[in-house]
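Here the structure comes first, spelled out in structure tokens, and everything after it is commentary.
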Amino acid sequence: MGGKPHCSQNERNLKRQLWREGKTYRKKSKLIKLSENMITNALKPQKNTKNRDRPRKPTRKSDRYIVRLAKRDPFLTSVNILNEISTNMGSRTIRRNLQNNNLNERSARKVPCLSKKISKNESSFRKDM
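For reference, each letter of the sequence shown is one residue, going 1 to 129 in full-length UniProt numbering.
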């Protein structure tokens with residue numbers, strides 16, 4: 001994981017200079033007052049840690065299209081959206097995209113059917129108004 005460098009560039013140059021002179025790790029650690037492990041890590045070549053992530057499969061344009069489809073018809077499932085887009089991404093990717101855009105999955109509230117008694121009372125109540 002990225003973090004603060006262990007030593008400054010000046011210290012790193014000093015360690016390299018001592019290495020060229022043929023000093024051992026133990027002698028270098030006593031001169032610089034750092035651990036041998038710290039010196040070893042400073043002398044290792046630095047890796048380029050930029051953009052280690054996997055490239056995005058959905059593009060920004062397809063992200064917007066997915067959100068637009070979901071807002072137009074809220075009852076579309078991720079599989080239906082996937083079939084409409086016809087790309088080789090997974091339905092889980094589409095769900096993740098919708099969640100990132102605050103379109104979390106919802107289901108319709110279950111409401112009991114009206115009985116004859118309740119519907120009769122409701123119709124009489126509306127007539128009174």
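Just so you know, even glycine gets a beta-carbon here, dropped at the ideal spot from N, CA and C.
TODO: Give the DSSP-derived three-state secondary structure of Ser-123 in the structure shown.
DONE: Position 123 of the sequence shown holds residue 123. The answer is helix: DSSP assigns Ser-123 an H, G or I state.
Task: the region 28-36 / the region 53-64 touching (three or more Cβ pairs under 8 Å) - done: In this structure the region 28-36 does not lie against the region 53-64, because fewer than three pairs of beta carbons, one per stretch, are closer than 8 Å.
- [ ] Work out the CA separation of Asn-102 and Ser-124 for me, nearest whole Å.
- [x] Against the sequence shown, residue 124 aligns to sequence position 124. Against the sequence shown, residue 102 aligns to sequence position 102. Their backbone Cα atoms lie some 42 Å apart in a straight line.
Open item on the list: Using CA atoms only, rank isn't needed, just tell me which of Gln-99, Glu-11, Ile-81 and Lys-116 is closest to Met-38.
Closed with: The sequence position of residue 38 within the sequence shown is 38, counting from 1. Comparing alpha carbon positions, the residue from Gln-99, Glu-11, Ile-81 and Lys-116 closest to Met-38 is Glu-11.
Task: Limits of the alpha helix (DSSP H) - the one that Val-67 falls within - done: Sequence index remark: in the sequence shown, residue 67 carries index 67 (1-based). Bounds of the alpha helix (DSSP H) holding Val-67 are 60-72.
Task: Sequence-distant residues of the same chain with beta carbon closer than 6 Å to Leu-18, five excluded per side - done: To locate residue 18, count along the sequence shown from 1; it is residue 18. Cβ-Cβ distances below 6 Å link Leu-18 to Lys-28 in the same chain, with the five nearest sequence neighbours on each side left out; the list follows chain order.
Task: Burial state of Ile-66 (16 or more Cβ within 10 Å) - done: Within the sequence shown, residue 66 is the residue found at index 66, counting from 1. The residue is buried, with at least 16 neighbouring Cβ atoms inside 10 Å.
Task: Simplified DSSP state of Met-1, which is helix, strand or coil - done: In the sequence shown, residue 1 corresponds to position 1, counting from 1. Caution applies to Met-1, whose pLDDT of 46 falls short of 50 and renders its modelled position unreliable; the value that the coordinates give is listed next. Coil.
- [ ] Take Pro-58 as the anchor and find which of Leu-114, Asn-100, Ile-94 and Lys-110 has the nearest alpha-carbon.
- [x] The count along the sequence shown starts at 1 and reaches residue 58 at position 58. Closest in C-alpha terms to Pro-58, from the list Leu-114, Asn-100, Ile-94 and Lys-110, comes Ile-94.
Task: Residues near Arg-92 by beta carbon distance below 8 Å, same chain, minus five either side - done: The residue labelled residue 92 in the question sits at position 92 within the sequence shown. In its chain, beyond the 5 residues on either side, Ser-78 have a beta carbon closer than 8 Å to the beta carbon of Arg-92.
Open item on the list: Using a Cβ-based criterion (distance less than 6 Å to any ligand heavy atom), does Met-38 qualify as near the ligand ADP?
Closed with: Absent from the structure shown: the ligand ADP. Ligands present: none.
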